[in-house]
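Sequence lines, in order, name chains A and Z.
According to our numbering, the first sequence holds residues 1 to 129 in order.
According to our numbering, the second sequence holds residues 1 to 129 in order.
Step one of this worksheet: look at the structure below.
Protein chains: 2
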Amino acid sequence: MIFPSANTAAELERGAVLAPRFDANGLIAAIAVDAHSGEVLMLAWMNAEALRLTLDTGEAHYFSRSRNALWKKGETSGQVQKIVEVRIDCDQDAVLLKVQVQGDGGACHVGFRSCFYRVVEDGVLVERQ
Amino acid sequence: MIFPSANTAAELERGAVLAPRFDANGLIAAIAVDAHSGEVLMLAWMNAEALRLTLDTGEAHYFSRSRNALWKKGETSGQVQKIVEVRIDCDQDAVLLKVQVQGDGGACHVGFRSCFYRVVEDGVLVERQ
Numbered sequence: 001m002i003f004p005s006a007n008t009a010a011e012l013e014r015g016a017v018l019a020p021r022f023d024a025n026g027l028i029a030a031i032a033v034d035a036h037s038g039e040v041l042m043l044a045w046m047n048a049e050a051l052r053l054t055l056d057t058g059e060a061h062y063f064s065r066s067r068n069a070l071w072k073k074g075e076t077s078g079q080v081q082k083i084v085e086v087r088i089d090c091d092q093d094a095v096l097l098k099v100q101v102q103g104d105g106g107a108c109h110v111g112f113r114s115c116f117y118r119v120v121e122d123g124v125l126v127e128r129q
Numbered sequence: 001m002i003f004p005s006a007n008t009a010a011e012l013e014r015g016a017v018l019a020p021r022f023d024a025n026g027l028i029a030a031i032a033v034d035a036h037s038g039e040v041l042m043l044a045w046m047n048a049e050a051l052r053l054t055l056d057t058g059e060a061h062y063f064s065r066s067r068n069a070l071w072k073k074g075e076t077s078g079q080v081q082k083i084v085e086v087r088i089d090c091d092q093d094a095v096l097l098k099v100q101v102q103g104d105g106g107a108c109h110v111g112f113r114s115c116f117y118r119v120v121e122d123g124v125l126v127e128r129q
């Protein structure tokens with residue numbers, strides 16, 4: 001086991017031990033936000049190895065569900081995410097990364113800064129940064 | 001089907017049709033941020049019904065994986081989340097809600113404003129708002 005488990009709700013919610021709760025597929029959701037602006041850039045997934053590498057190297061690593069493989073963000077795009085802070089939520093099943101984006105400053109493969117470039121308006125998607 | 005499916009990558013990524021991709025359990029990740037401060041408040045899950053209700057009522061609804069049930073945020077706590085904006089990401093498998101929190105302004109059942117009240121520092125969790 002790369003990470004321990006919490007034994008009680010108190011340990012999980014108020015404890016000092018990082019005890020992430022990976023799902024049945026061994027994954028945990030990770031939100032990346034721009035450390036400067038606070039903008040939400042993307043949501044991706046981590047397995048235990050990706051979280052360990054993120055903490056140890058100071059650069060965001062994720063697990064691709066479609067490719068079923070670990071990946072370092074920015075390895076091909078140059079959009080490396082330098083870690084400023086890592087947070088975990090109350091029940092330790094979601095991670096929040098505050099990052100400084102390298103390269104062109106973007107996070108989305110479509111070309112937008114954030115992956116959340118579309119707003120739902122009257123049931124229709126409208127692109128807006 | 002409550003929502004349609006996208007047929008091509010172009011439709012999925014640049015189309016105007018809301019075609020959320022729910023996972024094998026019928027769920028999609030939803031991030032709630034404070035519309036005023038931009039602070040990430042929580043990450044939760046939605047099934048199609050929860051997303052539909054969120055869009056139609058203007059108040060955040062989620063699906064509890066532990067209770068296996070739909071819930072309206074704030075129904076018991078008063079921490080209702082009024083929707084200011086709903087966004088979806090490039091591959092339509094994550095939702096971003098900008099919300100105005102009613103009640104005491106918090107989102108976390110532990111008592112903090114945000115669920116992400118712990119920072120990982122040297123491998124140890126430290127509470128910090």
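The beta-carbon is built from N, C-alpha and C at its ideal position, and this holds for glycine as well.
At a cut-off of 3 residues, the continuous stretches assigned as beta strand (DSSP E) that sit fully inside the region 17-59 of chain A are 28-34 and 40-46.
Nearest neighbour of N68(Z) by Cα position, chosen from V86(Z), E75(Z), W45(Z) and R52(Z), turns out to be W45(Z). Here A107(A) carries a coil assignment [DSSP, helix/strand/coil]. In the displayed model, A9(Z) falls within a helix according to three-state DSSP. For R87(A), the three-state secondary structure derived from DSSP is strand.
In the structure shown, R113(A) falls within a coil segment according to DSSP collapsed to helix, strand and coil. DSSP, reduced to helix, strand and coil, places R65(A) outside both helices and strands of the structure shown, so it counts as coil. A48(A) and I28(Z) have their alpha carbons spaced roughly 21 Å apart.
For G105(A), no CB of chain Z lies under 8 Å from its own CB, so it is not counted at the interface with that chain. Within the DSSP bridge table, the entry for K98(A) names V33(A) and E85(A) as partners. Taking a C-beta cut-off of 7 Å against chain Z, the contacting residues of the region 79-100 of chain A are E85, V86, R87, I88, D89, C90, A94 and L96, listed in chain order. In the structure shown, the three-state DSSP call for R14(A) is helix.
Not one beta carbon of chain Z lies nearer than 8 Å to the beta carbon of A48(A). Proximity to P20(A) across K73(Z), R118(Z) and L97(Z) peaks at R118(Z), based on C-alpha coordinates. With respect to the 8 Å criterion, I83(Z) and G58(Z) are classified as neighbours on the basis of their beta carbons.
Close to chain A, meaning a Cβ-Cβ distance shorter than 8 Å, are the following residues of the region 17-33 of chain Z: V17, L18, A29, I31 and V33.
R118(Z): member of the beta strand (DSSP E) spanning R118 to E121, first to last residue.
The C-beta of A16(Z) has fewer than 16 other C-beta atoms within 10 Å across all chains shown, which makes the residue exposed. The beta-carbon of E11(A) is placed no less than 8 Å from the nearest beta-carbon of chain Z. Close partners of H109(A) in chain Z (Cβ separation under 8 Å): C90.
Residues of chain Z with a Cβ closer than 8 Å to the Cβ of G123(A) are, in chain order, L18 and L55.
Within chain A, not a single residue places a beta-carbon under 8 Å from that of R67(Z); the smallest gap is close to 13 Å. Using a CB distance cut-off of 8 Å, G74(Z) does not count as an interface residue toward chain A. Going by DSSP, V126(A) is part of the beta strand (DSSP E) stretching over V124 to E127.
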